[in-house]
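One structure below.
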Amino acid sequence: MHQMLTKAATESSSKKSKYKAKPKLKVWTPIIKSSLKEMRKCYDVWSRNGKPTNPADKSYQDRVNTRKEFKKQVKVEQARERDREKQEILEARTRDRSHSWYIEVQRVMFKYNLGRAMDMLNNADVTKTIVNQIKRQIANHWVNEISVIANLYQGLKYLQTDNFMAGRIHNILKIKRYTNKDRFRIPIKLKLLTGTYSLQPLRYKIYKEGNQEICNACSQEVETVEHLLIKCKAWDNIRRPVIKEIENILTSNSKIEWESLNEGTKIQILMDITMVQRQLRLNSEEVSKIEHQAKRLIFLIHSARCKLLLQP
45 MHQMLTKAAT
55 ESSSKKSKYK
65 AKPKLKVWTP
75 IIKSSLKEMR
85 KCYDVWSRNG
95 KPTNPADKSY
105 QDRVNTRKEF
115 KKQVKVEQAR
125 ERDREKQEIL
135 EARTRDRSHS
145 WYIEVQRVMF
155 KYNLGRAMDM
165 LNNADVTKTI
175 VNQIKRQIAN
185 HWVNEISVIA
195 NLYQGLKYLQ
205 TDNFMAGRIH
215 NILKIKRYTN
225 KDRFRIPIKL
235 KLLTGTYSLQ
245 PLRYKIYKEG
255 NQEICNACSQ
265 EVETVEHLLI
275 KCKAWDNIRR
285 PVIKEIENIL
295 TSNSKIEWES
305 LNEGTKIQIL
315 MDITMVQRQL
325 RLNSEEVSKI
335 EHQAKRLIFL
345 IHSARCKLLL
355 QP
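Right, here's the structure in full:
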């Protein structure tokens with residue numbers, strides 16, 4: 045029974061094709077095209093004559109000669125292609141003044157303060173601890189670079205960058221969500237925090253709509269983050285109940301009056317409360333509640349502003 049099943053499976057299974065496909069040409073020129081055309085023409089004549097193998101036969105001689113010519117042209121073009129590749133390599137080395145991969149590697153080593161490349165190459169015992177140390181060194185370099193550069197950007201002044209750590213999310217995103225709606229409000233707040241929100245000065249540069257810098261809602265002052273969140277009179281009806289909720293949270297335990305805070309602290313509470321959490325002596329639960337109200341306020345003002353801008 046086993047032999048019968050084996051035989052049936054062998055006969056019914058797909059067999060490998062005996063046809064051996066010719067390799068495709070990697071080079072192509074008009075001369076090669078002409079040689080190939082001539083070779084095929086002579087092959088057809090030789091095939092119609094019964095494919096003679098007598099060296100004295102003219103069709104046989106034409107077939108052999110055209111085939112040799114075709115192979116010759118292919119080899120000539122392949123040699124030219126290799127010469128072109130060599131020339132490109134030589135020109136690339138000429139443009140690269142280092143002339144050595146070692147120098148390029150050493151530049152990276154110096155940049156991240158990792159020592160000499162040769163010492164690492166000579167060290168056969170590269171443990172996981174050493175690899176992790178190198179990763180930490182590179183991460184620390186970019187943490188310092190980003191922290192320094194962030195202080196130069198005006199749009200990031202309300203975003204805490206002092207405790208930035210590579211591979212970890214920002215503290216503002218670690219705050220526990222008070223409701224599920226908060227996750228839909230995060231993108232708008234992040235745009236304000238990173239200076240990418242389309243306030244009127246930026247909007248005018250892109251779309252050439254409205255006043256050049258003046259707020260379209262109140263037509264009184266330049267539309268900045270501060271103006272949008274706490275100054276613009278057009279959003280007082282939206283702002284008042286939310287600010288009241290924040291004030292109740294602050295006064296319940298910390299005994300802090302909202303009106304006693306300066307403008308910078310108010311904006312900081314609404315934008316990134318983690319920067320003033322210790323100063324205001326707030327626990328994680330209070331921070332979560334205030335952050336929920338801040339996201340809610342920003343989203344409500346954003347929605348009302350969008351409706352205003354979409355009006356004809």
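Whatever position you read off the sequence shown (first residue = 1), add 44 for the working numbering.
The beta-carbon is built from N, C-alpha and C at its ideal position, and this holds for glycine as well.
If you're wondering where the values come from, they're calculated on a predicted model, not measured in any experiment.
A direct Cα-to-Cα measurement between C86 and W145 gives close to 53 Å. Judged by beta-carbon spacing, L203 lies within the 8 Å limit of L237, meaning their Cβ atoms are closer than that value. In this structure the region 235-250 does not lie against the region 306-313, because fewer than three pairs of beta carbons, one per stretch, are closer than 8 Å. The continuous alpha helix (DSSP H) containing W186 extends over residues 172-194. A contact between stretches requires three or more CB pairs, one per stretch, nearer than 8 Å, and the region 180-190 meets this requirement with the region 206-213. DSSP, read as helix, strand or coil, puts V266 in strand. DSSP places D226 in the uninterrupted alpha helix (DSSP H) bounded by 226-237. Taking each of T268, C262, Y222 in turn and checking the Cα distance to A338, the smallest one comes out for Y222. DSSP, read as helix, strand or coil, puts I213 in coil. Taken atom to atom, the span from the alpha-carbon of N224 to that of R160 is near 52 Å.
In the three-state scheme derived from DSSP, where H, G and I count as helix and E and B as strand, I219 is classed as coil.
The DSSP-derived three-state label of I258 is strand. Residue burial is scored here from C-beta neighbours: L272 has at least 16 other C-beta atoms within 10 angstroms and is therefore classed as buried. For E113 and S79, the gap between their C-alpha atoms comes out near 7 Å. Nearest to R92 by C-alpha distance, out of P99, K249, S103, E82, is S103. One alpha carbon belongs to S304, the other to K351, and they sit about 33 Å apart. The Cβ atoms of R229 and R340 lie closer than 8 Å to each other. Between E270 and E307, the gap from beta carbon to beta carbon is short of 8 Å. Per the C-alpha coordinates, the member of Y156, K155, E132, W72 positioned closest to Q117 is W72.
The C-beta distance from I282 to A348 rounds to 6 Å, short enough to meet the 8 Å contact threshold. In the three-state DSSP reduction, P74 falls in the helix class (H, G or I). When the beta-carbon positions are compared, L324 and S298 come within less than 8 Å of each other. In the three-state reduction of the DSSP assignment, F208 falls in the coil class. When only Cα atoms are considered, P96 and K115 end up about 22 Å apart. Between I342 and V331, the beta carbon gap of about 16 Å keeps them out of contact (Cβ cut-off 8 Å). Collapsing the DSSP output to three states places A278 in a helix.
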